[in-house]
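What follows is a short report on a single structure.
Number of protein chains: 2
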Amino acid sequence: MTLAISIDTIHAADARLRGHKRVTPLLSSPFLDDIAGQRILVKAECLQHTGSFKFRGAFSAISALDGPERARGILAFSSGNHAQGVALAARLHGVPAVIIMPQDAPAIKINNTRALGAEVILYDRDREDRDALGDDLAAKRGLTLVRPFDDPQVIAGQGTAGLEIAQQAADMGVTSAQVLVCCGGGGLTSGIATALAHHAPDMRVHTVEPAGFDDVARSLAAGEHRTNARTSGSICDAIVTPTPGKLTLPIMAQYCQAGLSVTDEQALRAVKLAYQRLKIVLEPGGAVALAAALFYPQHVTHDTVIAVASGGNIDDDMFLRAMNTAD
Amino acid sequence: MTLAISIDTIHAADARLRGHKRVTPLLSSPFLDDIAGQRILVKAECLQHTGSFKFRGAFSAISALDGPERARGILAFSSGNHAQGVALAARLHGVPAVIIMPQDAPAIKINNTRALGAEVILYDRDREDRDALGDDLAAKRGLTLVRPFDDPQVIAGQGTAGLEIAQQAADMGVTSAQVLVCCGGGGLTSGIATALAHHAPDMRVHTVEPAGFDDVARSLAAGEHRTNARTSGSICDAIVTPTPGKLTLPIMAQYCQAGLSVTDEQALRAVKLAYQRLKIVLEPGGAVALAAALFYPQHVTHDTVIAVASGGNIDDDMFLRAMNTAD
Numbered sequence: 000m001t002l003a004i005s006i007d008t009i010h011a012a013d014a015r016l017r018g019h020k021r022v023t024p025l026l027s028s029p030f031l032d033d034i035a036g037q038r039i040l041v042k043a044e045c046l047q048h049t050g051s052f053k054f055r056g057a058f059s060a061i062s063a064l065d066g067p068e069r070a071r072g073i074l075a076f077s078s079g080n081h082a083q084g085v086a087l088a089a090r091l092h093g094v095p096a097v098i099i100m101p102q103d104a105p106a107i108k109i110n111n112t113r114a115l116g117a118e119v120i121l122y123d124r125d126r127e128d129r130d131a132l133g134d135d136l137a138a139k140r141g142l143t144l145v146r147p148f149d150d151p152q153v154i155a156g157q158g159t160a161g162l163e164i165a166q167q168a169a170d171m172g173v174t175s176a177q178v179l180v181c182c183g184g185g186g187l188t189s190g191i192a193t194a195l196a197h198h199a200p201d202m203r204v205h206t207v208e209p210a211g212f213d214d215v216a217r218s219l220a221a222g223e224h225r226t227n228a229r230t231s232g233s234i235c236d237a238i239v240t241p242t243p244g245k246l247t248l249p250i251m252a253q254y255c256q257a258g259l260s261v262t263d264e265q266a267l268r269a270v271k272l273a274y275q276r277l278k279i280v281l282e283p284g285g286a287v288a289l290a291a292a293l294f295y296p297q298h299v300t301h302d303t304v305i306a307v308a309s310g311g312n313i314d315d316d317m318f319l320r321a322m323n324t325a326d
Numbered sequence: 000m001t002l003a004i005s006i007d008t009i010h011a012a013d014a015r016l017r018g019h020k021r022v023t024p025l026l027s028s029p030f031l032d033d034i035a036g037q038r039i040l041v042k043a044e045c046l047q048h049t050g051s052f053k054f055r056g057a058f059s060a061i062s063a064l065d066g067p068e069r070a071r072g073i074l075a076f077s078s079g080n081h082a083q084g085v086a087l088a089a090r091l092h093g094v095p096a097v098i099i100m101p102q103d104a105p106a107i108k109i110n111n112t113r114a115l116g117a118e119v120i121l122y123d124r125d126r127e128d129r130d131a132l133g134d135d136l137a138a139k140r141g142l143t144l145v146r147p148f149d150d151p152q153v154i155a156g157q158g159t160a161g162l163e164i165a166q167q168a169a170d171m172g173v174t175s176a177q178v179l180v181c182c183g184g185g186g187l188t189s190g191i192a193t194a195l196a197h198h199a200p201d202m203r204v205h206t207v208e209p210a211g212f213d214d215v216a217r218s219l220a221a222g223e224h225r226t227n228a229r230t231s232g233s234i235c236d237a238i239v240t241p242t243p244g245k246l247t248l249p250i251m252a253q254y255c256q257a258g259l260s261v262t263d264e265q266a267l268r269a270v271k272l273a274y275q276r277l278k279i280v281l282e283p284g285g286a287v288a289l290a291a292a293l294f295y296p297q298h299v300t301h302d303t304v305i306a307v308a309s310g311g312n313i314d315d316d317m318f319l320r321a322m323n324t325a326d
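Just so you know, the sequences run in chain order A and B. Heads up: the first sequence is residues 0 to 326, going by numbering that gives the first Met the number 0. Heads up: the second sequence is residues 0 to 326, going by numbering that gives the first Met the number 0.
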């Protein structure tokens, strides 16, 4: 079967993103190495513009549109990281962005998205059909929908993080490693896995999900789409989706190893350790890969593990909960 | 008068540090720009090894020693960031490090320094003479003292951050800016100012200190050394020293503009905003430059201000205090 993107799609996205994306550092701490009993490198995507990797995919998708299409504006559904990534990427292109959010989304997220210049349209989850609302708006205003993961240009944009990982690791003399990626719909994982398959073929990519929300791990094991029994109730909300993407699952099936999962408690401990030892702020969903690297040495097959820390948009209450987690 | 270092000293330090120092990113957020009413770029030295810029100077000094001297080992006095920087730099060179710390230093700092492989020797501030203890140890074991700032190779190591700033800013099209540096003894400021004078001559460097502990600002204004009335009682303890260095003050007098200062409250607000908007962890002393950039627009003379965020080794109680600071 033909995969949705090739390495060339990622290279093209990378060229468009140059000078706009932030090249995020690969961090480390001897204290984390001691806990894990192996070398851990952390790709700090929380330091990307808008606090998560989502900016890469959003900018890639918007920059890939033709001029008139882009000028009419962008539409996205999101109450979280994707919303902010799309809002800033649209602003940098000087084009309008409309973000459709549930009216019970946290005020801080609504305000942040508006502050980045987007028009936010709120809907009632119980009484309104989000997709119909979006279709109607798109038709009326000629807006182009940017999906959160199941879009070739979005996947290619996220894959630019994989190009950086291959280069930065090679600069440190690391060409063989396990690469753990926080996984929701699979856009980041499938992009990174494609990039590494071509630029660091001795690296092995694993998805990491919250325990109980491991649709990707089960789908990879089954060879077909599996769904989560529920999509709420995890503190790792940023990476909980009903099922893997139609485009992303075949890519992950081609390039990834067995999926891993961690508990909420382990994710919170990883948030705390990232704060203490790396001086970065992670949200629980952005810390699951680091948690797997720290707390599952039995899965280790390489001397080095690279954990992608995908986002840092955490609210104060959750951060305090992480700080108060037992060591 | 001849200054203690030249740009060549920094270039040589940079060559020795290559592959060992972390090239820290230059971060930004539209939310911070909105608060300040200007573009703010933040050099995130909290992401340097051991959580502060001190690693650069320590590694530079140790790597500049001749082989037999280095092999005998390193001595440092510090209860803070310098201790950890020296400990890790010595470990990376495979040589012993002895750190002399007051016995009432926080247990966490003593433990961190030991965990990095250093031998920690505790002394009683009231009953023992620290310098005599150090002289005795140095003589007996042939150890070389690495000073926290008043050493040409330490200053040159800190100056490598300035080389990075010049390059990273130029890559963004910024060649003219105000550069604000958190300043204690002046090692970081004088190193950065020397680097920028040669590689970004249109940038203007200002020291930033805690209000009430502005010995450098007063010394620069007076043209000779001034001292602080007290050296305890600031939450910005990492950057409080009795008086500027003998070597650093002439360099700062040559290259720097008038010194600025900020209140503890402003430093805490900067810690909070760095957590919220940049996803990095700063200590108050590492946040004073960002605080000046955010809250003193009246000092602004350029379109862009670059704030050096010098360190992130904050304890939980202080971080909670920052999170609870009013917006």
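Note that beta-carbon positions come from the ideal geometry of N, C-alpha and C, so glycine has one too. A quick note: this is a predicted structure, and the numbers were derived from the prediction, not measured.
8 Å Cβ cutoff, residue i in contact with chain A
{"i": "I279(B)", "result": "yes"}
{"i": "A114(B)", "result": "yes"}
{"i": "Y295(B)", "result": "no"}
{"i": "M251(B)", "result": "no"}
{"i": "Y122(B)", "result": "no"}
Cutoff 8 Å: residue i Cβ touching any chain B Cβ
{"i": "T23(A)", "result": "yes"}
{"i": "D103(A)", "result": "no"}
{"i": "D315(A)", "result": "yes"}
{"i": "M0(A)", "result": "no"}
{"i": "L46(A)", "result": "yes"}
{"i": "G311(A)", "result": "yes"}
{"i": "G50(A)", "result": "yes"}
{"i": "L26(A)", "result": "yes"}
Straight-line gap, residue i to residue j (C-alpha atoms, nearest Å)
{"i": "E163(B)", "j": "F54(A)", "result": "25 Å"}
{"i": "I191(B)", "j": "R276(B)", "result": "25 Å"}
{"i": "E208(A)", "j": "L64(A)", "result": "32 Å"}
{"i": "L91(B)", "j": "G116(B)", "result": "10 Å"}
{"i": "M251(A)", "j": "P283(A)", "result": "23 Å"}
{"i": "R126(A)", "j": "V119(A)", "result": "18 Å"}
{"i": "L293(B)", "j": "A160(A)", "result": "31 Å"}
{"i": "Q177(A)", "j": "D150(A)", "result": "26 Å"}
{"i": "I4(A)", "j": "A308(A)", "result": "23 Å"}
{"i": "R320(B)", "j": "N312(A)", "result": "20 Å"}
{"i": "K271(A)", "j": "D315(B)", "result": "10 Å"}
{"i": "K139(A)", "j": "H81(A)", "result": "23 Å"}
{"i": "P249(B)", "j": "L26(A)", "result": "35 Å"}
{"i": "P24(A)", "j": "T143(B)", "result": "33 Å"}
{"i": "T324(A)", "j": "N111(B)", "result": "20 Å"}
{"i": "P29(A)", "j": "A88(B)", "result": "12 Å"}
Residue i and residue j closer than 8 Å at C-beta
{"i": "T188(B)", "j": "V180(B)", "result": "yes"}
{"i": "F58(B)", "j": "H10(B)", "result": "no"}
{"i": "T247(B)", "j": "G310(B)", "result": "no"}
{"i": "L46(A)", "j": "T303(A)", "result": "no"}
{"i": "R124(B)", "j": "D103(B)", "result": "yes"}
{"i": "V94(B)", "j": "R113(B)", "result": "no"}
{"i": "A86(B)", "j": "I99(B)", "result": "no"}
{"i": "S51(B)", "j": "G285(B)", "result": "yes"}
{"i": "A291(A)", "j": "G156(A)", "result": "no"}
{"i": "A273(A)", "j": "I279(A)", "result": "yes"}
{"i": "V145(B)", "j": "I61(B)", "result": "yes"}
{"i": "C255(A)", "j": "V204(A)", "result": "yes"}
{"i": "L74(B)", "j": "G158(B)", "result": "no"}
{"i": "A237(B)", "j": "A199(B)", "result": "no"}
Listed by chain order, chain B residues near residue i by CB distance under 7 Å
{"i": "Y254(A)", "result": "Those within 7 Å of Y254(A) in chain B number zero; the least Cβ separation is about 28 Å."}
Amino acids of chain B, ordered along the chain, whose beta-carbon sits closer than 9 Å to that of residue i
{"i": "F30(A)", "result": "N111, A114 and L115"}
Residue i: contacting residues in chain A (beta-carbon distance under 9 Å)
{"i": "M100(B)", "result": "Simply none; closest approach about 19 Å."}
Contact set between residue i and chain A, taken where Cβ atoms lie within less than 7 Å
{"i": "M322(B)", "result": "D315"}
task = Flag this pair as touching only if the stretch 236-243 of chain A and the stretch 211-222 of chain A have three or more C-beta atom pairs under 8 Å; answer yes or no.
result = yes
request  = Report yes or no: do the stretch 27-42 of chain B and the stretch 284-304 of chain B share at least 3 C-beta pairs separated by less than 8 Å?
outcome  = yes
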